[in-house]
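Chains as they are written, first to last, in UniProt numbering: chain A, 1 to 251; chain B, 1 to 66.
Here's the structure we're looking at; comments come further down.
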Amino acid sequence: MDDPLIIADREYTSRLITGTGGAANLSVLERALVASGTELTTVSLRRVDTEGGTGVLEILRRLGIDPLPNTAGCRTAAEAVLTAKLAREALGTNWIKLEVIADDRTLLPDPLELLDAAQTLVADGFVVLPYTNDDPVLALRLEEAGCAAVMPLGSPIGTGLGIRNQHNIELIVARAGVPVILDAGIGTASDATLAMELGCSAVLLATAVTRAADPEKMATAMRAAVTAGRLARSAGRIPQRFWAQASSPPR
Amino acid sequence: MRIQVNGARREVADSATVAEVLDALGMPAAGIAVALDGEVVPRAAHAATPVAEGAVLEVLTAVQGG
């Protein structure tokens with residue numbers, strides 16, 4: 001393994017974490033997951049009789065992809081903690097993508113409830129990956145609380161607006177001692193590349209792939225985009241200049 | 001007795017256990033989690049946990065999302 005992504009006690013080859021939400025059906029989802037090369041993918045927890053069975057888990061088992069349950073839809077720390085415990089019970093994993101949402105229009109994280117839930121879950125032995133605002137101070141607080149990664153948004157969930165505050169992402173990366181995973185807002189491949197160029201350790205996306213006109217093709221693009229951004233980051237880009245600088249030798 | 005399962009009213013045998021309720025409703029054996037009145041009931045405790053009249057049972061599984 002050349003340049004693995006290390007989160008808590010696990011190593012992954014792929015730096016692209018895909019979500020399963022938004023796919024038209026399970027066969028579209030399966031093809032997109034395979035094309036993305038992902039090894040870790042999010043799932044949600046819902047009532048058994050509302051969504052029709054455990055098909056998504058069977059796909060993940062078959063493909064050898066680790067499930068990362070989320071607490072999507074939770075509004076308070078208490079709700080998120082209960083959902084995380086249920087996810088641990090249902091899926092047999094202590095990994096949790098922690099989401100505590102403030103309202104339905106923005107789906108932005110509620111920072112106070114988020115930190116509260118993170119502290120409780122870390123104390124209970126969970127590996128906590130919090131979906132957070134692009135707030136460098138909150139990111140540090142979450143790391144201090146014992147989170148295994150921090151996952152700042154580029155822009156609100158499902159908007160495809162890309163990374164609205166590049167400098168904040170760079171500030172988070174500059175001070176983080178845990179992996180920074182750009183989560184939410186990715187619209188197309190260049191957004192994913194930019195996240196990696198800014199120094200993120202991985203990208204988490206769902207809608208950009210599952211709701212693309214051709215999800216399998218977009219998943220292939222995202223896989224290449226994340227790899228390209230990672231390589232460019234480690235290659236060390238040239239400084240930006242105001243005036244031109246010839247690349248051919250003077251005669 | 002009457003209980004609530006995933007938001008719907010259900011009639012189950014008096015002094016039924018969590019395991020018996022799940023079985024009676026044809027819930028999948030694996031990949032689910034149960035909360036009884038807001039508390040997680042671990043799988044190992046399903047058979048020994050009684051359900052009381054008016055109890056609220058939530059049975060959850062993983063679906064596409066996130």
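By construction, the Cβ of each residue, glycine as well, lies at the ideal position given by its N, Cα and C atoms.
- Three or more Cβ pairs drawn from the stretch 5-20 of chain B and the stretch 49-64 of chain B lie within less than 8 Å of each other, which places the two stretches in contact.
- Non-local beta-carbon contacts of A:Arg237 in its own chain, meaning distances under 8 Å to residues more than five positions away in sequence, involve Glu197 in chain order.
- The stretch 36-43 of chain A makes contact with the stretch 8-24 of chain A, as at least three CB pairs between them are under 8 Å.
- Judged by pairs of C-beta atoms under 8 Å, the stretch 163-172 of chain A touches the stretch 134-141 of chain A, as three or more such pairs exist.
- A direct Cα-to-Cα measurement between A:Glu143 and A:Val128 gives close to 10 Å.
- Counting only the Cα atoms, B:Gly38 lies some 8 Å from A:Leu82.
- Judged by their CB atoms, A:Ala192 and A:Val203 are nearer to each other than the 8 Å cut-off.
- In this structure, DSSP gives B:Val12 a state outside helix and strand, which the three-state scheme calls coil.
- Under the 8 Å criterion on CB atoms, B:Pro42 is classed as interfacial with respect to chain A.
- Residue burial is scored here from C-beta neighbours: A:Thr106 has fewer than 16 other C-beta atoms within 10 angstroms and is therefore classed as exposed.
- Close CB contacts of B:His46 within its chain, under the 6 Å cut and outside five residues either way in sequence, are with Val18 and Ala19 (chain order).
- The alpha-carbon separation between A:Gly64 and A:Ala212 amounts to approximately 24 Å.
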